[in-house]
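K.L.:
If you count the sequence shown from 1, position 39 lands on 25 in this note's numbering, and the numbers rise without skipping.
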Amino acid sequence: MTTLGLLDGRPLPRTALDHRLAALRNGPRATALPQPGSSEDRQLTRWVAQVLLTEALCEAVAAERRLPVAPDGPARLDQQAAVELGSITAAAFEGNPAVRAVYAAVTADVEPAPADIAHYRTMTTRPPAERWHLALPDGELEADPDTLPTALAEALRTAPPGTWVTAGPWKAALLTVTTPPEPPDPAPALRDASRRAAFVRWLDHARARRLTLVEGLEHPGDPAQPDNHHRH
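#1: Closest to Val47 by C-alpha separation, out of Val151, Pro(-1) and Ala90, would be which residue?
#2: Along the chain, where does the alpha helix (DSSP H) containing Ala35 start, and where does it finish?
#3: Which residue wins for smallest C-alpha separation from Ala49, given the options Ala87, Glu70 and Asp64?
#4: Give me whichever residues DSSP pairs with Glu126 in a beta bridge.
#5: Can you grab the Cα-Cα spacing for the pair Met109 / Ala175, in whole Å?
#6: Short of 8 Å in beta carbon distance, which residues of its chain neighbour Glu116, apart from the five on each side in sequence? Order them along the chain.
#7: Counting Cβ pairs closer than 8 Å, one from the segment 62 to 73 and one from the segment 179 to 196, do we hit at least three?
#8: Are the Cβ atoms of Pro135 and Trp118 separated by less than 7 Å?
#9: Near Ala153, which residues of its chain fall below 6 Å by C-beta distance, leaving aside the five closest residues on each side in sequence?
#10: Can you check whether the CB of Ala42 is closer than 7 Å to the CB of Leu(-7)?
#11: DSSP state of Arg(-4), grouped into three classes?
#12: State the DSSP-derived secondary structure class of Thr1, mapped to helix, strand or coil.
#13: Assuming Leu189 contacts Thr75 (C-beta within less than 8 Å), just tell me the rounded distance between them.
#14: I'd like the ranges of any alpha helix (DSSP H) spanning at least 4 consecutive residues and lying wholly in the segment 156 to 196.
#15: To the nearest angstrom, how far is the alpha carbon of Ala173 from that of Gln65?
#16: I'd like to know whether the C-beta atoms of Leu122 and Ala158 end up nearer to each other than 7 Å.
#17: Tell me whether the beta-carbon of Pro20 lies closer than 7 Å to the beta-carbon of Leu30.
#18: Can the beta-carbon of Leu39 be found less than 7 Å from the beta-carbon of Gly(-5)?
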């Protein structure tokens, strides 16, 4: 088999696949890869082929749109981003600047819906919980005031800082009160997630229209070994 697949009807040679597999076999994680000839090895070959086809597609799109493709080094996605993109697209994104350039162009105008932001805030925003630093007869303690005996908490609230109070069998002094910072604005994180979802949809559509895979490479799976190779 000398052809990896077709891009807009143009054959893509298998040479690039052989070179990429050889680089993996000779790389620092070679011992983690499946044995040549095994079913897992065939799955790895299909997976790498899909990464290469994704890269070739995005290189063609970048050229068509005259996108600036910076010859920078590999990118690194966090775990959530990699999961949302899927391991094939994540590997192509991390390793190929043309994929990143197309991603930026395709998703430039994507914004989360205001209703999504509002819903996220409703689900995640909680009143900031105070933490009290207390002095006790036998030492010091960090505590949520809601977990203290009610009578002791009420006495501490009305006493000057550092003043010993007694409520029933309890004695304590409130030294300091800290309040956690407000949670970050969810809009940037939601925008990133929306952009990744939009890119996956765009890429699925572009693959269906422009790529033809050779027999045996249609179902790449999602093997763990290459995922371990490209992500740190």
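Note that CB positions come from ideal geometry on N, CA and C, so glycine has one too. Remember, it's a predicted structure, so these values are computed and weren't measured experimentally.
P.N.:
Straight from the coordinates:
#1: Residue Ala90 holds the alpha-carbon nearest to the alpha-carbon of Val47 among Val151, Pro(-1) and Ala90.
#2: DSSP places Ala35 inside the alpha helix (DSSP H), whose first and last residues are Ser25 to Glu50.
#3: Ranking Ala87, Glu70 and Asp64 by Cα distance to Ala49 puts Ala87 first.
#4: Glu126 is bridged to Ala121.
#5: Computed Cα separation, rounded: 15 Å.
#6: The answer, listed in chain order, is Asp130, Pro131, Val163, Thr164 and Thr165.
#7: The answer is yes - the segment 179 to 196 touches the segment 62 to 73, with three or more Cβ pairs under 8 Å.
#8: Contact: no.
#9: So the qualifying residues of the chain are Ala137, Leu138 and Ala141.
#10: Ala42 sits close to Leu(-7), with the two beta carbons spaced by under 7 Å.
#11: Shown here, Arg(-4) sits in a strand according to DSSP, grouped into three states.
#12: Residue state, collapsed to three classes: helix.
#13: Yes, Leu189 and Thr75 are in contact; Cβ-Cβ is about 6 Å, under 8 Å.
#14: The segment 156 to 196 is shown to contain whole alpha helix (DSSP H) runs of 4 or more residues at 173 to 196, in chain order.
#15: So the two alpha carbons sit approximately 19 Å from each other.
#16: With respect to Ala158, Leu122 sits close: the two C-beta atoms are nearer than 7 Å.
#17: Judged by their CB atoms, Pro20 and Leu30 are nearer to each other than the 7 Å cut-off.
#18: Going by C-beta atoms, Leu39 is not nearer than 7 Å to Gly(-5).
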